[in-house]
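*Asks:* Take a look at this one; I'll ask things after.
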């Protein structure tokens, strides 16, 4: 009987310890729900939501003489309509800002998608930019990660 009681107490203690471990891991950063992957060499964007591919679209990144940053960021601001003070008040609909003045946004120059054409931002077809904006708005900035690579 003592062995059975000791086993029971041991199981309870183990369950309590494991609950503490789960609580500790719950405080670590969760994996992003929305992954935005931009491949500059292919001029494409792949969007995954909870590990499932949501969309794959053509983009335009920096043309000669300009630069699109490489790296990984969480976006910090959404703006339904932004106008670039740096580039002649150019419209930037459905902007998702991720680094300073760099953003993912819609473009009206859809014939340039699939090749470098921007001043550094990542341009998308207006329909795809609206979908992406809504997705990031729904899941939140903290649950979104933007990764740009060659």
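In mature numbering (1 follows the signal peptide of the UniProt record, and there is no 0), the protein residues as written are -19 to -1, 1 to 131. The beta carbon of each residue, even a glycine, is placed where N, CA and C say it ideally should be.
#1: Pull up the distance between the alpha-carbon of residue 38 and that of residue 105, whole angstroms please.
#2: For residue 57, is the classification buried or exposed, using 16 other Cβ atoms within 10 angstroms of its Cβ as the cut-off for buried?
#3: What residues in its chain sit with their C-beta under 8 Å from that of residue 133, if we drop five residues either side in the sequence?
#4: Where does residue 40 fall in DSSP's three states?
#5: Determine the direct distance from the alpha carbon of residue 16 to that of residue 29, and round the result to whole angstroms.
#6: Taking the Cβ atom as the reference point for each residue, do residue 54 and residue 18 lie within a distance shorter than 8 Å?
#7: Taking residue 114 as part of the alpha helix (DSSP H), name the residues at either end of that continuous run.
#8: Which partner residues of residue 86 appear in the DSSP bridge assignment?
#9: Is the separation between the beta-carbon of residue 14 and that of residue 115 shorter than 8 Å?
#10: From residue 100 to residue 68, what does the alpha carbon distance come to, in whole angstroms?
#11: Could you tell me if residue 75 is buried or exposed, where buried requires 16 or more neighbouring beta carbons within 10 angstroms of its beta carbon?
*Replies:* Considering the structure as presented:
#1: Here residue 38 refers to the residue found at position 57 of the chain shown. Here residue 105 refers to the residue found at position 124 of the chain shown. For residue 38 and residue 105, the distance between alpha carbons rounds to 8 Å.
#2: Sequence index remark: in the chain shown, residue 57 carries index 76 (1-based). So residue 57 counts as exposed.
#3: Given a span of -19 to 131 for the chain in the structure shown, any question on residue 133 remains unanswerable.
#4: On the chain shown, residue 40 is found 59 positions in, with the first residue counted as 1. In this structure, residue 40 counts as coil in the three-state DSSP scheme.
#5: Within the chain shown, residue 29 is the residue found at index 48, counting from 1. Within the chain shown, residue 16 is the residue found at index 35, counting from 1. Distance between the alpha carbons of residue 29 and residue 16: 5 Å.
#6: The residue you call residue 54 lines up with position 73 of the chain shown. The residue you call residue 18 lines up with position 37 of the chain shown. Taking 8 Å as the cut-off, the Cβ atoms of residue 54 and residue 18 do not count as close.
#7: Taking the first residue of the chain shown as 1, we reach residue 114 at position 133. Run containing residue 114: 107 to 120, per the alpha helix (DSSP H) assignment.
#8: Sequence index remark: in the chain shown, residue 86 carries index 105 (1-based). Residue 86 is bridged to 104.
#9: By one-based count along the chain shown, residue 14 stands at place 33. By one-based count along the chain shown, residue 115 stands at place 134. No, Cβ-Cβ distance for residue 14 and residue 115 is not below 8 Å.
#10: Position 119 of the chain shown holds residue 100. Position 87 of the chain shown holds residue 68. About 9 Å.
#11: One-based indexing of the chain shown puts residue 75 at position 94. Residue 75 counts as buried, since at least 16 other C-beta atoms from the protein chains shown sit within 10 angstroms of its C-beta.
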